[in-house]
Each structure stands twice: as C-alpha cells, then as structure tokens.
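Residue numbers (the numbering used here): 5 to 132. Cβ atoms here follow ideal geometry from the backbone N, Cα and C, with glycine treated the same way. Everything numeric in this text was worked out from a predicted model, so none of it was measured.
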C-alpha cells in the first residue's frame, strides 16, 4: 500500500495522491446540463467578477457624465454673463454715440441759424 501511495505521489503530484476517490468523483461527475461542479463554481466566480467590473465601470461613467453636465452648466453660466456684459457695453456705447450725435445735430442747427460759437472749426487740408 505504501508503495502504491508513493507511486501515485510521484506519478501525478501531491494533490492527486491525497485526494480520495469520493473527491474526484464529485468534481468530475457532470450535472444534468453537462457541466461539473467545478465548472459551475468557476462560472459563478467569473460572473461575480464581471458584475463587479461592470458596477465599477458604471460608477465611473456616471461620474464622468455628472462632471460633463456640471462643465456644460458652468460654461453656459459664463456665456450668459459674458453676453450680458457685452450687451451692456454695446448699449452704453450706443447711448454715448446717440448723445454725441444729438449734440452735434443741435450744434449744426444752431450754426446754420447764425450762432457761430457753436460752429465746428473749419477743417484744413494739409498742403501737398
């Protein structure tokens, strides 16, 4: 018996020598669907690993979407503020131009009416 155990130990490795016939029968015996208990165990483990990776990927994706939405909201706010500042400056310049034009028109009308103090200085052409 010792010689048989030693031969088994040398021939198939330590793990095979210490297995009982009942251990090998349960892992090798196929289920009704043709899979063994070891295959089912490996499948369950792989499925759990894949599900964990998928949850992790989904979490990362959700964080990226949230960050992108926050960036879009920030960019929209900056655009709105810059547009408002531009429109305010445009209105200020238009009002200033309108005021200057009204003053010029009043001065031109007064000059034509004879008030020479409101006439524009004559333009001189540079000598050629």
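Whole-angstrom distance between residue j and residue i, CA atom to CA atom
i, j, result
"residue 60", "residue 82", "33 Å"
"residue 76", "residue 67", "14 Å"
"residue 56", "residue 93", "55 Å"
"residue 43", "residue 74", "46 Å"
"residue 58", "residue 97", "58 Å"
"residue 111", "residue 130", "25 Å"
"residue 128", "residue 79", "52 Å"
"residue 85", "residue 49", "54 Å"
"residue 95", "residue 65", "45 Å"
"residue 38", "residue 51", "19 Å"
"residue 53", "residue 46", "10 Å"
"residue 107", "residue 117", "15 Å"
Bounding residues of the alpha helix (DSSP H) (the contiguous stretch that carries residue i)
i, result
"residue 89", "41-116"
Proximal residues to residue i (C-beta, below 7 Å), its chain only, five neighbours per side dropped
i, result
"residue 113", "none"
"residue 19", "At residue 19, the pLDDT of 49 sits below 50, so the modelled position is not reliable; the number obtained from the coordinates is stated separately. Closer than 7 Å at the Cβ level, and outside the excluded window around residue 19, lies no residue."
"residue 115", "122 and 123"
"residue 105", "none"
"residue 125", "none"
Residue i (DSSP reduced to helix, strand or coil)
i, result
"residue 132", "coil"
"residue 127", "coil"
Neighbourhood of residue i by C-beta, 8 Å cutoff - its chain only, sequence neighbours within 5 removed
i, result
"residue 63", "none"
"residue 89", "none"
"residue 35", "41 and 44"
"residue 101", "none"
Cβ shell of residue i (< 6 Å), same chain only, five flanking positions each side left out
i, result
"residue 119", "none"
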